[in-house]
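Step one of this worksheet: look at the structure below.
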Ligand code: TXA
Ligand code: MG
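Numbering (the working numbering), first residue to last: 5 to 320.
Pasting the structure below:
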């Protein structure tokens, strides 16, 4: 890693966005808000910028990144959309859905962004600041979650600074993220496959396509870092399915199961998703082991349980 840099905190106004866009065009890294989590953005057409993303996150390997586009029309310039991909994009973009699609020959994306694969993960984010930055930068922006590899994803600007201050050029302050979980990743095809559960319930994808979506990769595809077992890990241990805290534990509640923090006292899964990563960070600051109440396995609960089980998995 190169020497520490002074990370600028930019406001999401015209001068802040102009500065952020200028930094992106100069191959620098800018963290920015999306509706899912904060992304660590770099120019997706520039291998040097993309390499810096891996360097800043200390990602163990060159896994492919999600490329953010301003619109479906722009996305069609870099990837091939079949009828299913068109249907999903029309139904759910802008929004928390990433589609893995064949790269067009004339796409001019940096090879590193897709780790040399013939496919690329694309997403049109539903956040005014992300949209404004994409427009101002004028290039597709590659962006994984803006946290050091393996740690909890950031849903607020102070989370980004806690992990990456001094390692990135800037963060644009857009307040808390509304969804709070990374995007759902789908590879359209026969059958369509779910590569990562996320902010869009998989049921909604299946309903749109009119057929079931299979879990996971077919085996010959890459597995994602989001699919590594220990991920989103707090410093302390995590115990799932808890009804109450044991001595010495702090408790993350849900619904009627109360705790030091409750993800959603009314049992609302959307609210719970939005609160999840911030709550884990707050409990982690106590330095105590964390007990977590059961969260139902339907709708967004599937992605919430996915992230919780990774937080609880044995560390490498
Ligand atoms: O919500 C999100 O998706 C956030 C925000 C910032 O947009 N981004 C995010 O990106 O989570 P990232 O890079 O952390 O996750 C990208 C995931 C990885 O698990 C990667 O392996 C998978 O997408 N992926 C990317 N390209 C792929 C490809 N060609 N084939 C299969 N999986 C791919
Ligand atoms: Mg991540």
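Even glycine gets a Cβ: it sits at the ideal position worked out from N, Cα and C.
Grouping DSSP H, G and I as helix and E and B as strand, with all else coil, what is residue i?
{"i": "residue 197", "result": "strand"}
{"i": "residue 153", "result": "coil"}
{"i": "residue 123", "result": "strand"}
{"i": "residue 206", "result": "helix"}
{"i": "residue 310", "result": "helix"}
{"i": "residue 40", "result": "coil"}
{"i": "residue 285", "result": "helix"}
{"i": "residue 248", "result": "coil"}
{"i": "residue 12", "result": "strand"}
{"i": "residue 52", "result": "helix"}
{"i": "residue 258", "result": "strand"}
{"i": "residue 237", "result": "coil"}
{"i": "residue 92", "result": "helix"}
{"i": "residue 179", "result": "coil"}
{"i": "residue 165", "result": "helix"}
{"i": "residue 111", "result": "coil"}
{"i": "residue 218", "result": "strand"}
{"i": "residue 19", "result": "helix"}
{"i": "residue 274", "result": "helix"}
{"i": "residue 58", "result": "helix"}
{"i": "residue 137", "result": "helix"}
{"i": "residue 118", "result": "helix"}
{"i": "residue 29", "result": "helix"}
{"i": "residue 132", "result": "helix"}
Residues bridged to residue i by DSSP?
{"i": "residue 106", "result": "123"}
{"i": "residue 279", "result": "Residue 279 is not bridged to any residue."}
{"i": "residue 189", "result": "102, 200"}
{"i": "residue 243", "result": "295"}
{"i": "residue 72", "result": "127, 145"}
{"i": "residue 45", "result": "34"}
{"i": "residue 265", "result": "256"}
{"i": "residue 174", "result": "12, 34"}
{"i": "residue 83", "result": "107"}
Between residue i and residue j, what straight-line distance do the alpha-carbon atoms span, to the nearest angstrom?
{"i": "residue 34", "j": "residue 65", "result": "21 Å"}
{"i": "residue 4", "j": "residue 95", "result": "Lying before the first or after the last residue shown, residue 4 is absent from the chain, which here runs from 5 to 320."}
{"i": "residue 137", "j": "residue 313", "result": "34 Å"}
{"i": "residue 195", "j": "residue 103", "result": "14 Å"}
{"i": "residue 4", "j": "residue 39", "result": "The chain is shown from 5 up to 320; residue 4 falls before or after that span and cannot be answered."}
{"i": "residue 310", "j": "residue 185", "result": "10 Å"}
{"i": "residue 308", "j": "residue 200", "result": "12 Å"}
{"i": "residue 172", "j": "residue 215", "result": "43 Å"}
{"i": "residue 47", "j": "residue 8", "result": "21 Å"}
{"i": "residue 149", "j": "residue 169", "result": "14 Å"}
{"i": "residue 161", "j": "residue 41", "result": "10 Å"}
{"i": "residue 259", "j": "residue 62", "result": "37 Å"}
{"i": "residue 236", "j": "residue 256", "result": "16 Å"}
{"i": "residue 289", "j": "residue 81", "result": "45 Å"}
{"i": "residue 192", "j": "residue 52", "result": "30 Å"}
{"i": "residue 30", "j": "residue 11", "result": "15 Å"}
{"i": "residue 180", "j": "residue 202", "result": "17 Å"}
{"i": "residue 269", "j": "residue 50", "result": "45 Å"}
{"i": "residue 219", "j": "residue 189", "result": "11 Å"}
{"i": "residue 291", "j": "residue 240", "result": "6 Å"}
{"i": "residue 122", "j": "residue 79", "result": "16 Å"}
{"i": "residue 217", "j": "residue 197", "result": "5 Å"}
Between residue i and residue j, which are expected to be in contact by the criterion C-beta below 8 Å, what is the C-beta distance as a whole number of angstroms?
{"i": "residue 176", "j": "residue 37", "result": "7 Å"}
{"i": "residue 27", "j": "residue 174", "result": "6 Å"}
{"i": "residue 98", "j": "residue 128", "result": "4 Å"}
{"i": "residue 284", "j": "residue 315", "result": "6 Å"}
{"i": "residue 183", "j": "residue 100", "result": "5 Å"}
{"i": "residue 106", "j": "residue 71", "result": "About 13 Å; that fails the 8 Å criterion."}
{"i": "residue 267", "j": "residue 280", "result": "6 Å"}
Any heavy atom of the ligand ZN closer than 7 Å to the CB of residue i?
{"i": "residue 157", "result": "Because the ligand ZN does not appear in the structure shown, any question about it cannot be addressed here, the ligands present being the ligand TXA and the ligand MG."}
| request: Inspect the CB distances between the stretch 52-63 and the stretch 85-92 and report whether three or more fall short of 8 Å. | output: no
| said: Does the structure place the stretch 244-254 close enough to the stretch 289-309 that three or more beta carbon pairs sit under 8 Å? | reply: yes
- State whether the stretch 148-165 contacts the stretch 14-30, with contact taken as three or more CB pairs (one from each stretch) at a distance under 8 Å. no
key: Inter-stretch contact (C-beta, 8 Å, three-pair minimum) for the stretch 159-166 and the stretch 103-114   = no
Please confirm if the stretch 202-217 is in contact with the stretch 299-309, defined as three or more CB-CB distances below 8 Å between the two stretches. yes
* Asked: Any chance the stretch 255-265 sits against the stretch 135-152, with 3 or more Cβ pairs inside 8 Å?
  -> no
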